[in-house]
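Here the structure comes first, spelled out in structure tokens, and everything after it is commentary.
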Amino acid sequence: MEGKAHETRNTPPSRWLSPASIILLRLLQELLHQFTALETLAVHAGSPHDPVTGAVIEAISLSTTFAQTAVGKPVGAYEYSRSSNPNRDNFEKAVAALEHAKYALAFSSGSATTATILQSLAAGSHVISVSDVYGGTHRYFTQVAKAHGVKVTFTPEIEVDVVDHITPETKLIWIETPSNPTLRLVDIRAVATAAHEHGIMVVVDNTFMSPYVQQPLDHGADIVVHSVTKYINGHSDVVMGVAAFNSDAMKERLGFLQNAIGCIPSAFDSWLAHRGLKTLHLRAREATTNATLVAKTLESSRHTDGMGGGMLSFRIKGGSAAAEKFCQMTNIFTLAESLGGVESLVEVPSSMTHAGIPKAHREAIGVYDDLVRISCGIEDAEDLKADVSQALEKAVVWPNISNGLQNHDS
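Written out as structure tokens, the structure is:
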């Protein structure tokens with residue numbers, strides 16, 4: 002029945018491919034399951050050849066609704082695109098494969114992913130979160146979650162004191178590792194072990210790392226989330242989120258909310274994100290190499306005061322004014338929010354992505370006004386190093402100190 006969704010009334014499938022060819026294409030897709038290397042999965046997972054036309058790259062299915070042969074009997078696997086869509090399904094399968102998950106669900110943004118997971122908790126539930134989280138996550142936890150009766154406790158030392166914060170109402174623990182923007186690390190396995198002893202699920206935001214660097218489910222996490230906008234898509238032209246997990250019950254619960262709330266990505270965005278994902282390993286590898294070289298340049302500079310994948314953060318000497326000027330003086334790095342794209346970006350988190358967090362709380366977790374966050378892209382590493390160096394020289398102005406030996410003629 003599914004094959005009929007691709008047929009036209011006057012063009013039978015046999016005109017395009019022989020039965021033997023269709024069988025061969027299906028066998029090739031089955032063989033893919035034997036390969037587990039991320040590079041191979043990135044290119045092929047969720048990318049079946051069209052059984053009718055033989056197209057190697059999937060078409061964009063823009064239709065919002067799908068025909069039925071009788072009431073309740075759709076021609077193929079789809080009825081309405083809010084509930085499911087071919088492009089979204091294929092993207093979800095690809096992410097699940099890369100994250101070593103059984104399921105993945107795509108959402109209209111990373112924030113929508115976070116909101117849906119929190120919405121799945123019953124009123125009165127308690128959440129424990131690392132203190133240093135993305136500003137949008139902090140905003141949702143502190144200003145929105147409480148509206149439907151979910152309380153969030155923040156802790157800067159979650160590996161040490163997570164058990165101390167657990168109550169009978171605790172249902173979820175939220176981790177970012179490395180954290181945004183100070184790059185603090187959390188031992189996922191240690192936190193997950195403690196959480197599971199109390200029947201609590203663990204969510205890890207893997208946006209900064211991407212599955213190229215770490216796969217949190219392999220370390221005990223129950224759900225891994227991404228802002229697809231960042232490394233997975235990688236081209237700064239899609240706003241999207243995704244959650245991956247193994248639980249059948251979670252699939253039913255989050256899948257219901259995905260459909261009921263309607264926070265879904267478009268078919269076109271799903272197609273774009275899937276296309277971007279195919280080069281994740283190449284982009285992440287180059288960005289990591291560039292970030293390493295830029296980090297060494299920053300570390301050796303007299304203008305930086307503490308260093309904190311392809312992400313870097315550092316404190317610049319000269320305070321917030323120097324941080325702002327540095328971002329304005331770069332030529333290759335673009336002053337903009339976001340990260341993980343092919344282009345290099347720079348920002349001041351305290352005034353941009355984390356501006357909604359009260360200053361006292363920001364500084365308690367290390368997000369000072371002089372902190373600069375860099376997302377290295379895939380440009381030439383030497384060009385990036387030179388850009389950082391010249392911007393530092395212009396941003397940090399050292400005082401002229403007289404040694405008292407000059408002649409001062411009147």
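Start counting the sequence shown at 2; every next residue gets the next number (the numbering used here). Don't be surprised by glycine CBs; every beta carbon is placed ideally from N, CA and C. For clarity, every value in this text was computed on a predicted model and none was experimentally measured.
Here E380 has N291, I333, E344, S345 as same chain residues with Cβ atoms under 8 Å from its own Cβ, once five neighbours each way along the sequence are excluded. DSSP, reduced to helix, strand and coil, places E364 within a helical segment of the structure shown. No Cβ-Cβ contact shorter than 9 Å links I233 with G136.
Boundaries of the beta strand (DSSP E) harbouring A245: 242-246, taken from the DSSP string. DSSP places R140 inside the alpha helix (DSSP H), whose first and last residues are 136-140. Annotation: Q216 is outside any beta strand (DSSP E) and is labelled neither H nor E by DSSP.
DSSP assignment within the region 79-163 yields the following whole beta strand (DSSP E) runs of 3 residues or more, N-terminal first: 104-108, 127-131, 152-156. Our two residues, A361 and H139, have alpha carbons roughly 14 Å apart in a direct line.
By the beta-carbon neighbour count (other beta carbons within 10 angstroms, threshold 16), R316 is buried.
Assigned with DSSP and collapsed to three states, E198 falls in coil, not helix or strand.
According to the DSSP secondary-structure assignment, A71 is paired through a beta bridge with K74. Within the region 316-384, the alpha helix (DSSP H) runs of at least 4 residues that lie entirely inside it are, in chain order, 320-330, 360-365. The alpha carbon of T305 has as its nearest neighbour, out of R286, S352, V389, the alpha carbon of V389. The beta carbon of V72 sits closer than 6 Å to none of the beta carbons in its chain outside the five residues before and after it.
By alpha-carbon distance to K279, the top candidate from V96, G55, T298 is V96. Following the DSSP letters along the chain, one finds L278 inside the alpha helix (DSSP H) bounded by residues 268-278. Cβ atoms of I129 and T154 come within 8 Å of each other, at about 5 Å.
With a contact defined as Cβ atoms closer than 8 Å, L258 and T117 qualify at about 5 Å. Leaving aside the five residues that flank S112 on each side, the residues in its chain whose CB is nearer than 6 Å to its CB run, in chain order, G137.
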